[in-house]
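Chemist: Structure provided below as structure tokens; questions to follow.
Protein chains in written order, with my numbering: chain A, 5 to 572; chain B, 1186 to 1477.
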């Protein structure tokens, strides 16, 4: 019996004993009414919340069907996937908290993971239960009203995993009666949403090659789709799809093409075998064209182009895939032959405005890309932060690396720095203001390069980067951008670069955090700060919103705690 | 047996029982490194170690291990936290509590290193390390007199608990910064204020920016920033009083990166005295620094 199964059994015992004692589910355990009554109470309380009118029509505590995921907009009280909807908008139609009352927000409860390191989760909320993850592959289900745990799970990880950038996890996917976790030892696990018991556990790949999972998977139809991390180890990147019921792998899309496949010619010699191109942020999905969009990360080694001459497809690329088969429909490469670790692993956001069917990405390389979603053709690319790596564009309008932009042995100053003009933290698109909001980082670094021999499972950077010696400190900003033009509408300056994502809501609000520990509510139209709360630790996560008992909550992870806020 | 390298482990993976026992043991028992570097003097290992160093250490310790504004110059023969191979291994693997030196793999920035890789890094450090202990021409005893006397450093800086607290405590600075950096910080303190590491280690990021505020009552305070966010300012004024202000309640707020510390040019601090002061800072954390 594996260690995780032992843990699962323990969890099962604890939960079942608790359930026997209570003879009821989580709602009743908190001394509250059962779901049908709950619904009536909600109905009474929330009539003013037009957006919540369908609250009880979806069968509270029912299975999360693929149709419910498609219709996530009909369940504003729930947060059914990492970005809130398939379009990747991270937008909540709840409006109880709005520009007129946001100043009165108060903390309602906090949940402590009791773990160190970066806490990057965006929780899901389904019918009153919050499902989150934590450092070291923790997962948990909480009563969304009180934060009290229903079950808690922690994977027993091998002692020799060495994930590059923290023992982090960004969240779960839910489908049917299961939640899905990608682990730091490169397994994919289905947990029983009611108990936390492990239902299936499959090995995606041998973690000792430097592979891991850190992202929240994406559930589409009956599949669980996720991409691998490991761009610092010379992996061969891929995106996998698993049958949600059985864990059987249905397809794998390798992000570096093998001999005979299109794009293979963009790699020198055998460099494709260790070419990196991970896919460590959750993709998006357009049901109308049945296309799922996945951005990929840097080619390996990240800071050395010598030895992998060529564009290095499909590194730093937006992939349009058929979710049923994993077949590539089109691709768009943001940074060709990258030497600055400019992973394109930002959530690609689907935006429709009139006749425009766009997919937009504020890329780590500092450019805001507007792409025709049907064809993958670039419409425009303009900087949204300071950029020096590129000073010109090719015939298609793509930024190309400047002659003096490459790393050198002793180091070469380039903007944006290695952490990028933004990073994995989510942007948001607000269909009311029609603006796109993104956390921008104004930091330039000194990039060095040196030869390095590849050894499986070992760090494979080809040297490093350094903070530059500029007199002025690094800073950051929350920026509001017109996604049809790339034009900057407003910005709020952060004292230092932050790793917080952004949430927008129908209350006319945008929520985001900063490295100084503040979590803030902004007026979406103007950027005016309406409220702030000091969390006591930098925010390394993307916020979300849900509703319970007629009350809207906003949740964000900071330090080792998941905080929730609501009106008094 | 607990110092096995990754490749050693791979060699026994076909013995499932032994491997399981080893893994279980590793999980249960603390790992004790061997005392001697298995790669000592191996030029090839030093080369591999340089790659690891660039990826994992150079961020603070600089290319070539020459140190800089964030981490000690490791080419010095004498290492602050122990000079033996086992000391270096411990320092790298476990970090130095209370300092910016994190345990191996815990920076949340780079990758962790295996034991073999740590030894390779140590082999590299040995290959660039100077043979003789650091010799500086200055007179540390006279430097101490200057520090507490005519140069007036102690008005704002502390060594071993004695002195002011407006500026950084300099007890460990001599061993934590390169000599070039120390000289630059004295001759031209505003060129680079004290450097933080990164926001992942916010606790080390005080940069001693100069701040001047006028509160709602019209009272003026000047000093250095201790903590600041978009809404609040925590500062120490020139009388070493701690203040917390809400920015929107201030009448005025001005912050500059022009240091409160005067630039000690040749006239204020002749070259000879500068050398003496450097000599003092280099031993500030020893008994000499404490005046014994």
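C-beta atoms are modelled at their ideal positions from N, C-alpha and C, and glycine is treated no differently. Remember, it's a predicted structure, so these values are computed and weren't measured experimentally.
#1: Report buried or exposed for residue 552 (chain A), applying the criterion of at least 16 other Cβ atoms within 10 angstroms of its Cβ.
#2: Under 8 Å, Cβ to Cβ, is there at least one residue of chain B near residue 467 (chain A)?
#3: So, is the C-beta of residue 380 (chain A) closer than 8 Å to a C-beta in chain B?
#4: Quick one: what's residue 574 (chain A) bridged to in DSSP?
#5: Can you list the residues of chain A that residue 1268 (chain B) reaches, using a CB-CB cut of under 9 Å?
#6: Less than 8 Å between C-beta atoms, sequence neighbours within five positions excluded: which residues of the same chain meet that for residue 1425 (chain B)?
#7: Please state whether the Cβ-Cβ distance between residue 200 (chain A) and residue 139 (chain A) is less than 8 Å.
#8: Which residues in chain A sit within 9 Å of residue 1274 (chain B), going by Cβ to Cβ distance?
#9: Considering only residues of the same chain and omitting the five flanking positions on each side of residue 1375 (chain B), which have a CB-CB separation below 6 Å?
#10: Given this structure, state the Cα-to-Cα distance separating residue 1232 (chain B) from residue 1259 (chain B), to the nearest angstrom.
#11: Identify whether residue 418 (chain A) lies in helix, strand or coil by the three-state DSSP scheme.
#12: For residue 1454 (chain B), decide whether its Cβ has a neighbour in chain A, counting only Cβ atoms nearer than 8 Å.
#13: Taking 8 Å as the limit between beta carbons, can you name the residues of its chain near residue 1439 (chain B), skipping five residues before and five after?
#14: For residue 415 (chain A), return the contacting residues in chain B, with the cut-off set at a CB-CB distance below 9 Å.
#15: Compute the beta-carbon to beta-carbon distance between residue 224 (chain A) and residue 243 (chain A), rounded to the nearest angstrom, for a pair I have assumed lies under 8 Å.
#16: Looking at the unbroken beta strand (DSSP E) that takes in residue 1430 (chain B), where does it start and where does it end?
#17: Please list, in chain order, all residues of the same chain as residue 460 (chain A) whose beta carbon is under 7 Å from its beta carbon, the five residues on each side excluded.
#18: To the nearest angstrom, report how far apart residue 150 (chain A) and residue 143 (chain A) are at their CA atoms.
#19: Below 7 Å between beta carbons is the criterion; list the residues of the stretch 163-180 of chain A that meet it against any residue of chain B, in chain order.
#20: Report the partner residues of residue 83 (chain A) according to the DSSP bridge assignment.
#21: In chain order, what residues of the same chain have a beta carbon less than 7 Å from the beta carbon of residue 191 (chain A), not counting five sequence neighbours either side?
#22: Look at the Cβ atom of residue 136 (chain A), then the Cβ atom of residue 507 (chain A), and state whether they are nearer than 8 Å.
#23: Work out the CA separation of residue 1412 (chain B) and residue 368 (chain A) for me, nearest whole Å.
#24: On the CB-based measure, 16 or more other CB atoms within 10 Å of its CB, does residue 1342 (chain B) come out buried or exposed?
#25: Determine, using beta carbons only, whether residue 494 (chain A) and residue 531 (chain A) come nearer to each other than 8 Å.
#26: Would you kindly check if the distance between the Cβ of residue 270 (chain A) and the Cβ of residue 300 (chain A) is under 8 Å?
#27: State the DSSP-derived secondary structure class of residue 371 (chain A), mapped to helix, strand or coil.
#28: With distances taken from CA atoms, which of A:280, A:320, A:324 is nearest residue 291 (chain A)?
#29: For residue 511 (chain A), count neighbouring C-beta atoms within 10 Å of its own C-beta (all shown protein chains included) and say buried if the count is 16 or more, exposed if not.
#30: Do residue 1219 (chain B) and residue 1321 (chain B) have their C-beta atoms within less than 8 Å of each other?
#31: To the nearest angstrom, how far is it from the Cα of residue 1364 (chain B) to the Cα of residue 154 (chain A)?
#32: Does residue 1240 (chain B) get closer than 8 Å to chain A when you measure Cβ to Cβ?
#33: State buried or exposed for residue 202 (chain A), treating a residue as buried only when at least 16 other CB atoms are found within 10 Å of its CB.
#34: Inspect the CB distances between the stretch 66-79 of chain A and the stretch 524-544 of chain A and report whether three or more fall short of 8 Å.
#35: Please go through the stretch 1337-1415 of chain B and give each complete beta strand (DSSP E) segment of 3 or more residues, from N-terminal end onward.
#36: List the DSSP bridge partners of residue 550 (chain A).
Modeler: In this structure, then:
#1: To locate residue 552 (chain A), count along the first chain from 1; it is residue 548. Here residue 552 (chain A) is buried: its Cβ has 16 or more other Cβ atoms, across all protein chains shown, within 10 Å.
#2: For the purposes of this step, residue 467 (chain A) is taken as residue 463 along the first chain, with counting starting at 1. Yes - at least one Cβ of chain B is within 8 Å of the one on residue 467 (chain A).
#3: As a position in the first chain, residue 380 (chain A) is number 376, starting the count at 1. Among the CB atoms of chain B, none fall inside 8 Å of the CB of residue 380 (chain A).
#4: Shown here, chain A extends from 5 to 572; a query on residue 574 (chain A) therefore has no answer.
#5: For the purposes of this step, residue 1268 (chain B) is identified with residue 83 of the second chain, where counting begins at 1. Neighbours of residue 1268 (chain B) in chain A, taken as residues whose beta carbon is under 9 Å from its own, are absent, since the nearest beta carbon is some 26 Å off.
#6: Here residue 1425 (chain B) is taken as the residue at index 240 of the second chain, counted from 1. Around residue 1425 (chain B): 1349, 1350, 1351.
#7: The residue given as residue 200 (chain A) occupies position 196 in the first chain. The residue given as residue 139 (chain A) occupies position 135 in the first chain. In this structure, residue 139 (chain A) does not lie closer than 8 Å to residue 200 (chain A) by Cβ.
#8: If you number the second chain from 1, residue 1274 (chain B) lands on position 89. What residue 1274 (chain B) touches in chain A, judged by beta-carbon distance under 9 Å, is nothing: the nearest beta carbon there is about 17 Å away.
#9: To locate residue 1375 (chain B), count along the second chain from 1; it is residue 190. Counting only residues of its own chain and dropping the five nearest sequence neighbours on each side, residue 1375 (chain B) has a CB closer than 6 Å to the CB of 1443, 1444.
#10: Counting from 1 along the second chain, the entry for residue 1232 (chain B) is found at position 47. Counting from 1 along the second chain, the entry for residue 1259 (chain B) is found at position 74. Straight-line Cα distance between these residues: approximately 16 Å.
#11: The sequence position of residue 418 (chain A) within the first chain is 414, counting from 1. Strand, per DSSP.
#12: Start at 1 with the first residue of the second chain, and residue 1454 (chain B) comes out as number 269. Under the Cβ distance rule, residue 1454 (chain B) does not count among the residues neighbouring chain A, no pair being separated by less than 8 Å.
#13: Position 254 of the second chain, counted from the start, is the residue given in the question as residue 1439 (chain B). The beta carbon of residue 1439 (chain B) sits closer than 8 Å to the beta carbons of 1396, 1397, 1398 from its chain, once the five residues preceding and following it are set aside; these are given in chain order.
#14: Within the first chain, numbered from 1, the residue matching residue 415 (chain A) stands at position 411. Within 9 Å Cβ-Cβ: 1248.
#15: Here residue 224 (chain A) refers to the residue found at position 220 of the first chain. Here residue 243 (chain A) refers to the residue found at position 239 of the first chain. Not a contact, Cβ separation roughly 12 Å.
#16: Locating residue 1430 (chain B) in the second chain gives position 245, where the first residue counts as 1. From DSSP, the beta strand (DSSP E) with residue 1430 (chain B) extends over 1427-1431.
#17: Counting from 1 along the first chain, the entry for residue 460 (chain A) is found at position 456. Contacts found: 213.
#18: Within the first chain, residue 150 (chain A) is the residue found at index 146, counting from 1. Within the first chain, residue 143 (chain A) is the residue found at index 139, counting from 1. Cα-Cα distance, rounded: 17 Å.
#19: Answer set for the stretch 163-180 of chain A: 163, 166, 168, 169, 170.
#20: Working through the first chain from its first residue, we reach residue 83 (chain A) at position 79. Answer by DSSP bridge pairing, in chain order: A:129.
#21: On the first chain, position 187 is the one that residue 191 (chain A) refers to. 205, 206, 207, 208.
#22: To locate residue 136 (chain A), count along the first chain from 1; it is residue 132. To locate residue 507 (chain A), count along the first chain from 1; it is residue 503. Against a cut-off of 8 Å, the Cβ pair of residue 507 (chain A) and residue 136 (chain A) comes out as no contact.
#23: In the first chain, the residue the question calls residue 368 (chain A) occupies position 364. In the second chain, the residue the question calls residue 1412 (chain B) occupies position 227. C-alpha of residue 368 (chain A) to C-alpha of residue 1412 (chain B): approximately 29 Å in a straight line.
#24: Translated into the one-based positions of the second chain, residue 1342 (chain B) becomes position 157. When all chains shown are included, residue 1342 (chain B) counts as buried.
#25: Taking the first residue of the first chain as 1, we reach residue 494 (chain A) at position 490. Taking the first residue of the first chain as 1, we reach residue 531 (chain A) at position 527. Closer than 8 Å, so yes.
#26: Here residue 300 (chain A) refers to the residue found at position 296 of the first chain. Here residue 270 (chain A) refers to the residue found at position 266 of the first chain. No, the pair does not count as a contact, with Cβ atoms beyond the cut-off.
#27: Counting from 1 along the first chain, the entry for residue 371 (chain A) is found at position 367. Correct three-state label for residue 371 (chain A): strand.
#28: Residue mapping note: residue 291 (chain A) aligns to position 287 of the first chain, counting from 1. Nearest neighbour of residue 291 (chain A) by Cα position, chosen from A:280, A:320, A:324, turns out to be A:324.
#29: As a first step, residue 511 (chain A) is located in the first chain; it is residue number 507 there, counting from the start. Buried is the call here.
#30: Against the second chain, residue 1219 (chain B) aligns to sequence position 34. Against the second chain, residue 1321 (chain B) aligns to sequence position 136. It is not a contact, given that the beta carbons lie outside the stated cut-off.
#31: As a first step, residue 1364 (chain B) must be located in the second chain, where it is residue number 179. As a first step, residue 154 (chain A) must be located in the first chain, where it is residue number 150. Distance between the alpha carbons of residue 1364 (chain B) and residue 154 (chain A): 57 Å.
#32: Start at 1 with the first residue of the second chain, and residue 1240 (chain B) comes out as number 55. Judged by the 8 Å Cβ criterion, residue 1240 (chain B) is in contact with chain A.
#33: Counted from its first residue, the first chain places residue 202 (chain A) at position 198. With 16 or more other CB atoms across the displayed protein chains lying within 10 angstroms of its CB, residue 202 (chain A) is buried.
#34: Because the criterion of three Cβ pairs below 8 Å is not met, the stretch 66-79 of chain A and the stretch 524-544 of chain A do not touch.
#35: For the stretch 1337-1415 of chain B, whole beta strand (DSSP E) runs of length 3 or above, ordered along the chain, are 1395-1399, 1405-1413.
#36: In the first chain, counting from the first residue as 1, residue 550 (chain A) sits at position 546. Paired residues: A:557.
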